[in-house]
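J.: Listed in order, the protein sequences are those of chains H and D.
Heads up, the first sequence is in this note's numbering, so the first residue is 2 and it goes up one at a time.
Heads up, the second sequence is in this note's numbering, so the first residue is 946 and it goes up one at a time.
Yeah, the Cβ is synthetic: ideal placement off N, Cα and C, and Gly gets one too.
A quick note: this is a predicted structure, and the numbers were derived from the prediction, not measured.
This is the structure, below, for whatever I ask next.
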Amino acid sequence: MSKKNPEYDFKWCPGCGDFGVRRAIEWALIERLENSAKPIENNVVVAGIGCSGNLVHLLEGQQPYGIHGVHGRSLPIAFGVKMANPDLNVVVVAGDGDFLSIGGEHIGPQAARNLNICAVVMDNGVYGLTKGQSSPTSKVGAITSSTPFGKIEAQADPLELYLTHGATFIASGFSGQPRELAQLITRGMNHPGFAMVHVQSPCTTYNDFFTEMKGDAKNGIAPLIKPISEDHDTTSKESAYNLIRQPGVPIGVIYEDSSVATLDQKVVDIRSKARLKGAEDLLAEFSF
Amino acid sequence: MIKGNDAISIGAIAAGLNFYIGYPISPATTILLFMERNLIGENKFVYQVASEIEAITGLIGGGFAGKKAMTATAGPGFSLMSEGIGLAWMSEVPLVIVDVQRGGPATGLPTKTEQSDLMSCMFPAHGDVKVPIIAVGTIEECFYGAIKALNWAERYQGPVILMTEMSLAERVQNIKKPDLSKISVESRETYAGNNGYKRYAGDGMSPMPIPGQPGAYIANGSEHDDVGDTTHLASRHIQMTERRFNKIELLKENEFESQNTNSSICIVPWGGSKGPALEAFNQLKESGVDIGFYYTMLLNPLPPKMLEDLKSKELVIVPELNFQGQFSSILRSEGVNAVSITQYTGLPFKVSYLVSEIQKLCNTKVK
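This is the structure:
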């Protein structure tokens, strides 16, 4: 609501990758409105804390519901929303620090449950809002405000992490290609299960790797991003591991398994095994 | 014959509970187990999550999406919920946390009883927060207290803490069968207009929109304006802080028990110390001691009439199972001349001990 709201005083830096991610999410929401009979209020955006989380306030156009919670907890909040009302389309927006560091413990359980949501992670390899500290995806040796002598711990590999935890949809995108990214987010939203869309979203102030991603032919810099070839088998975990382990950043859908039941389906299945009871039935089980 | 944790579980279900998530922890686990067996059916959800952090933040998602949401935990789990409780207070999401008290800080005494979480429950989070508290003292109160806790959460749209303790949780007792036709169940006031709603406008409780229905807003843990966008304006922080505290006024009720209210000295137990304190009171009264008795399970906000009475007393004696005298400290901050009789053995009070300690305090006062 930024355009209309003078009280809201947060701004992304000029050129921030998150602008592209925001646009892609807006387009994916618009496409969803056009292709489903569900109104905008059927969508909930659950945001983490950091530059990325502010996306929930900066969305333009029709406004979905939002939660801007506490640091690292976007996934369990989204779990609560989705399981309260499985009819809602729930989208998580978070950054690499929020999602992979403080919130890292929540990825495994939600993947194991196959919670039917789409999580969009904006990876800028740095803590931007707190001014440039090392994050799980900062490179080894990176000089940041909190690693003045170079980062000494290993760089996390988010795509391999999601795959190992059992996410049933994994896509990799780039903020500099919002049209393509919107398509990946749409596929993630439509996927029946736990969908991860991991986005390279450079920080122009503290970790600008835009040129590294995009490449610069004039100066002989080859692009790191590589569109995933059409013959990649998205249904094979082995192919997915092989793809991720090659140099560069694959762009597109890495893995997709629509055969696993979602958590909300499994919860419905349990009802047939139990005798349904109200308070009066429960009281009747005790002697008074 | 029913135990405290089962009475809480059925009470919550009678109040319309339809969303329960929790993590195993003594002595709260039996509430999770009860729900896993019984909170099943259309529009109901129960789940064992991966931690208390997942429990409280998942509860916020459930409450935000329109559910009557509850979890139960004990000290260590409650500590992990601190930040999430602040988020529920800040974003105005109804939910109930049952704190089944055990002994000590950290892992402490997992299988012993104590009443040492009162300060933590009343001030569970950083910043200006004071959470409504209902503390039950008998097995029957476990049932009715759970109903009231859910009603309060719905009424003021925020977190409510239901305090119980180890000595009640697993105590099996014969009680009068609750009459479900006589309980009153409340549900939050929901918003029924169009999109473009200002969810946080005004100085007090306002109708809450539910996702899926028009009225989209952002439930925000950062200080926010009336639509839920983050702001740092002093005028907004003043308005919203006052709004959050004003809502507590909706919970002020004059529900308390009292005997011999003309006496200038009275006994005021809380929680599970009610039983031994009431017995001690009866023995002292029979032996001719001029003493009064007050009790409520509504610890925040306290019943206004009871607080007014207590302020007029020469001495208020609070038997409580903690070292610091937590409830008497709260009463003193409200202007009551209160002292505690404390015990921190991990066991409930013995009546004979209370009789002699109360007698000593009375004698000192008379001299």
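(1) Can you look up residue 1054 (chain D) in the DSSP assignment and give me helix, strand or coil?
(2) What does residue 1177 (chain D) reach in chain H if we use C-beta pairs closer than 8 Å?
(3) Name the chain H residues whose beta carbon is nearer than 8 Å to that of residue 970 (chain D)?
(4) Using a Cβ-Cβ cutoff of less than 6 Å, which residues in the same chain neighbour residue 161 (chain H) once the five nearest sequence positions on both sides are dropped?
(5) According to a CB-to-CB cut-off of less than 7 Å, which residues of the stretch 1197-1215 of chain D neighbour chain H?
(6) Within its chain, find whatever has a CB closer than 6 Å to the CB of residue 1070 (chain D); leave out the 5 residues flanking it on each side and keep chain order.
(7) Using the three-state DSSP reduction, which class does residue 924 (chain D) fall into: helix, strand or coil?
(8) Please confirm whether residue 166 (chain H) and residue 109 (chain H) have their CB atoms less than 8 Å apart.
(9) Compute the distance between the beta-carbons of residue 280 (chain H) and residue 959 (chain D), then report whether it is under 8 Å.
(10) For a contact defined as C-beta to C-beta under 7 Å, what are the partners of residue 983 (chain D) on chain H?
(11) Taking the straight line between their C-alpha atoms, what separation do you get for residue 953 (chain D) and residue 1020 (chain D)?
(12) According to DSSP, what are the bridge partners of residue 20 (chain H)?
(13) Figure out for me which residue from D:1181, D:1239, D:963, D:1136 has the closest Cα to the Cα of residue 1262 (chain D).
(14) Could you work out which residues of chain D lie near residue 123 (chain H), taking near to mean beta carbons separated by less than 9 Å?
(15) Are the C-beta atoms of residue 999 (chain D) and some chain H residue less than 8 Å apart?
(16) Could you give the distance in angstroms between the alpha-carbon of residue 23 (chain H) and the alpha-carbon of residue 12 (chain H)?
(17) Nearest-angstrom Cα distance between residue 1111 (chain D) and residue 1023 (chain D)?
(18) Please list, in chain order, the chain H residues whose beta carbon lies closer than 8 Å to that of residue 1080 (chain D).
(19) Secondary structure at residue 960 (chain D), three-state DSSP: helix, strand or coil?
(20) Just the chain H side, please: which residues come within less than 8 Å of residue 1277 (chain D) by C-beta, in chain order?
(21) If you run the structure through DSSP and keep just helix, strand and coil, what is residue 280 (chain H)?
(22) Find out if the Cβ-Cβ distance for the pair residue 1081 (chain D), residue 1242 (chain D) is shorter than 8 Å.
(23) What does the Cβ neighbour count give for residue 127 (chain H), buried or exposed, with the cut at 16 atoms within 10 Å?
(24) Return the first residue and the last residue of the beta strand (DSSP E) that residue 243 (chain H) is part of.
(25) Which first and last residues belong to the beta strand (DSSP E) in which residue 1044 (chain D) is found?
(26) I'd like the list of long-range same chain contacts for residue 1138 (chain D), defined as Cβ closer than 8 Å, with 5 residues on each side in sequence excluded.
(27) Nearest to residue 1264 (chain D) by CA position, among D:1246, D:1298, D:1279, D:948, is which residue?
(28) Can you give me the Cβ contacts of residue 1208 (chain D) inside the same chain, cut-off strictly under 6 Å, excluding the 5 residues immediately before and after it?
(29) Taking 8 Å as the CB-CB limit, is residue 1237 (chain D) close to chain H?
(30) Hey, residue 1092 (chain D) and residue 947 (chain D) are a contact pair by Cβ (cut 8 Å); roughly how many whole angstroms apart?
(31) Would you please verify whether the beta carbon of residue 42 (chain H) is less than 8 Å from any beta carbon of chain D?
(32) How many Å lie between residue 1099 (chain D) and residue 1151 (chain D) at the Cα?
T.: The structure says:
(1) Here residue 1054 (chain D) sits in strand by DSSP.
(2) Correct list: 10.
(3) Within chain H, not a single residue places a beta-carbon under 8 Å from that of residue 970 (chain D); the smallest gap is close to 17 Å.
(4) Excluding residues within five positions, the ones whose Cβ falls inside 6 Å are 245.
(5) Residues: none.
(6) Sequence-distant partners of residue 1070 (chain D) (beyond 5 residues in either direction) whose C-beta falls short of 6 Å from its own C-beta, in its chain, are 1027, 1030, 1031.
(7) In the structure displayed, chain D extends from 946 to 1312; residue 924 (chain D) sits before or after that span and is not available.
(8) Taking 8 Å as the Cβ cut-off, residue 166 (chain H) and residue 109 (chain H) qualify as a contacting pair.
(9) Going by C-beta atoms, residue 280 (chain H) is nearer than 8 Å to residue 959 (chain D).
(10) Per Cβ cutoff of 7 Å: 278, 283.
(11) Their backbone Cα atoms lie some 18 Å apart in a straight line.
(12) Answer is none; residue 20 (chain H) lacks a bridge partner.
(13) Comparing alpha-carbon positions, the option among D:1181, D:1239, D:963, D:1136 lying closest to residue 1262 (chain D) turns out to be D:1239.
(14) Those within 9 Å of residue 123 (chain H) in chain D number zero; the least Cβ separation is about 18 Å.
(15) With a threshold of 8 Å between beta carbons, residue 999 (chain D) makes contact with chain H.
(16) So the two alpha carbons sit approximately 13 Å from each other.
(17) Using only the alpha carbons, I get a separation of about 15 Å.
(18) Result: empty, since nearest Cβ-Cβ is about 23 Å, beyond 8 Å.
(19) When DSSP states are grouped into helix, strand and coil, residue 960 (chain D) belongs to the coil group.
(20) Within chain H, no residue comes near residue 1277 (chain D); the closest Cβ sits about 33 Å away, beyond 8 Å.
(21) Here residue 280 (chain H) carries a helix assignment [DSSP, helix/strand/coil].
(22) Contact annotation: residue 1081 (chain D) and residue 1242 (chain D) have beta-carbon atoms nearer than 8 Å.
(23) It counts as buried.
(24) Residue 243 (chain H) -> not in any beta strand (DSSP E); alpha helix (DSSP H) instead, spanning 238-246.
(25) DSSP places residue 1044 (chain D) in the uninterrupted beta strand (DSSP E) bounded by 1040-1046.
(26) The answer, listed in chain order, is 1159, 1160.
(27) Answer by Cα proximity: D:1298.
(28) Sequence-distant partners of residue 1208 (chain D) (beyond 5 residues in either direction) whose C-beta falls short of 6 Å from its own C-beta, in its chain, are 1235, 1236, 1237.
(29) Interface flag for residue 1237 (chain D) against chain H is unset, since no Cβ pair is found closer than 8 Å.
(30) Cβ-Cβ separation between residue 1092 (chain D) and residue 947 (chain D): approximately 15 Å, too far for a contact (criterion under 8 Å).
(31) Taking Cβ atoms only, chain D reaches closer than 8 Å to residue 42 (chain H), which makes this a yes.
(32) In this model, residue 1099 (chain D) and residue 1151 (chain D) are separated by some 12 Å (Cα to Cα).
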